[in-house]
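Scroll down for the structure; my scribbles are underneath it.
Residue numbers (this note's numbering): 24 to 515.
See the structure below:
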């Protein structure tokens with residue numbers, strides 16, 4: 024934007040207050056040209072329109088992205104990128120541990136556009152509190168945090184006095200030593216999604232492929248860990264000045280000691296990402312910890328599949344689960360190489376990676392600002408209505424501080440037709456019921472359930488289109504929910 028003559032005589036603080044925007048850069052000081060960012064979450068068009076009509080501003084326009092002619096800077100060179108549907112979903116076949124899906128184009132975190140704006144900063148440290156990380160993996164090693172005090176210190180001495188001896192690449196609270204090497208593979212998989220090195224012609228790429236990963240091991244070779252070690256792990260990450268914590272773990276009852284450790288992380292300005300859980304439960308009714316702790320640096324993450332539906336195993340919660348992310352057939356590193364895993368554990372690092380991109384963009388932002396931008400910029404989707412508090416994480420909208428468009432596939436906004444369908448309560452065992460719903464002239468339709476409740480994993484509702492092809496299934500205690508969108512009519 025360009026200021027009108029004489030507008031530039033105000034101090035920076037007064038000018039920012041007058042414009043309702045933060046001055047990011049003086050592009051051409053002598054000519055009054057500024058790069059600004061509105062603090063409000065709004066569409067780009069709305070922000071430009073508001074600024075353009077301000078009496079102090081001559082004109083306002085986007086900070087356009089330009090690209091080299093005859094080349095492309097949009098995609099990193101990593102050969103397995105096409106397997107990462109969570110980053111870029113073109114509608115490809117997605118084959119993995121949860122079966123085969125035909126992806127729905129655009130159901131991704133919008134990484135391609137986001138990477139034009141930010142790929143991460145070496146100043147940002149993401150603690151992976153998990154089973155450890157294979158810090159020798161060549162696609163992870165360049166981004167592993169290095170504790171210089173211990174690297175340059177004396178062997179078998181706690182040179183920095185943090186309670187962990189020789190913790191050059193993180194700490195292991197299972198073996199009580201300074202080597203957080205992974206055995207199980209879970210933490211390595213998580214770390215790859217967050218920050219595998221990008222554009223290096225090797226393997227995969229992380230969401231934030233230039234950040235640093237701090238491995239903190241408190242889950243053992245069998246994937247389990249104790250409350251005591253969880254607290255030690257969180258406190259260690261605080262001491263090492265991590266900016267973001269990824270917590271793809273959960274279980275146990277309410278623990279005040281664990282809450283207190285998360286509050287200590289909050290007080291240190293650290294964002295705490297937590298997997299919502301894999302039991303198909305409603306966390307509003309049955310809390311899953313640590314994801315359900317009501318501390319304002321916590322973000323609880325549900326898992327989605329490549330078609331845009333909440334994964335059948337994923338916990339959900341209209342208020343207690345904050346956001347959703349790709350979590351089915353996610354390809355990343357284990358101790359055996361690249362593998363497909365599914366779970367809210369795989370969804371959580373997508374959000375942690377986007378948080379790292381946001382912080383890389385502006386290191387002065389607080390955890391609360393990052394949290395607000397993540398949630399306010401989430402992409403609204405009909406399939407997530409009533410399942411999470413916001414929508415699907417979107418890296419581009421988070422970085423551009425804009426709001427995603429309303430989902431045209433959200434049945435909430437469609438024309439309504441009343442028709443009552445109900446089973447017996449409780450329904451009889453070993454029975455099959457079928458209904459045909461017809462809406463003359465409808466191009467798309469979806470069934471609304473005021474209450475959906477079946478025995479998860481055993482009893483299900485299958486949705487078919489007029490040709491008899493399966494378009495989706497639902498199972499479990501889903502509460503108030505819409506079924507999948509069916510093209511044409513009738514549907515069964």
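Each residue gets a CB set at the ideal place from its N, CA and C atoms; glycine is no exception. No experiment lies behind these values; they were computed from the predicted model shown.
> For residue 42, is the classification buried or exposed, using 16 other Cβ atoms within 10 angstroms of its Cβ as the cut-off for buried?
Replying inline: Classification of residue 42: buried, given that the 10 Å Cβ count is 16 or more.
>> The alpha helix (DSSP H) that contains residue 250, what's its start and end?
In response: 250-262
> How big is the Cα-Cα spacing for residue 90 and residue 139?
Replying inline: No answer about residue 90 holds up, because its pLDDT of 46 lies below 50 and its placement is not dependable.
> Taking just the CA atoms, how far does residue 483 sit from residue 56?
Replying inline: 60 Å
>> Helix, strand or coil, according to DSSP, for residue 508 in the structure here?
In response: coil
> Taking the C-alpha atoms as reference points, what is the distance between residue 480 and residue 499?
Replying inline: Straight through space, the alpha carbons of residue 499 and residue 480 are spaced by roughly 7 Å.
> Considering only the beta carbon of each residue, do residue 370 and residue 350 sit closer than 8 Å?
Replying inline: yes
> Cα separation between residue 397 and residue 277?
Replying inline: 26 Å
> Quick one: Cα of residue 207 to Cα of residue 426, how far?
Replying inline: 39 Å
>> For residue 319 and residue 172, I'd like the C-alpha separation in whole angstroms.
In response: 32 Å
> Per DSSP, what kind of secondary structure is residue 163 in: helix, strand or coil?
Replying inline: coil
> Among 121, 242 and 485, which residue has its Cα nearest to the Cα of residue 327?
Replying inline: Of 121, 242 and 485, the residue nearest in Cα terms is 121.
> DSSP state of residue 136, grouped into three classes?
Replying inline: helix
>> With distance defined between alpha-carbon atoms, name the residue in 304, 407, 296 and 355 nearest to residue 332.
In response: With distances taken between CA atoms, residue 332 lies nearest to 407 out of 304, 407, 296 and 355.
> Is the Cβ-Cβ distance between residue 267 and residue 103 less than 8 Å?
Replying inline: no
> Could you give the distance in angstroms between the alpha-carbon of residue 458 and the alpha-carbon of residue 487?
Replying inline: 11 Å
>> Among the candidates 227, 446 and 355, whose CA atom is the shortest distance from the CA of residue 474?
In response: 446
> DSSP three-state call for residue 408: helix, strand or coil?
Replying inline: coil
>> Helix, strand or coil, according to DSSP, for residue 270 in the structure here?
In response: If DSSP states are grouped into helix, strand and coil, residue 270 belongs with the strands.
> Among the residues of its own chain, which have a CB less than 6 Å from the CB of residue 189, if the five just before and after it don't count?
Replying inline: 173 and 201
> For residue 494, which residues of its own chain have a beta-carbon under 7 Å away from its beta-carbon, when the five flanking residues on both sides are left out?
Replying inline: Excluding residues within five positions, the ones whose Cβ falls inside 7 Å are 486, 487, 488, 507 and 509.
>> Rounded to the nearest angstrom, what separates residue 95 and residue 135 at their Cα positions?
In response: With a pLDDT of only 44 at residue 95, under 50, the local geometry of the prediction cannot be trusted, and the value read off the model is given with reservation. Going from the Cα of residue 95 to the Cα of residue 135 covers about 12 Å.
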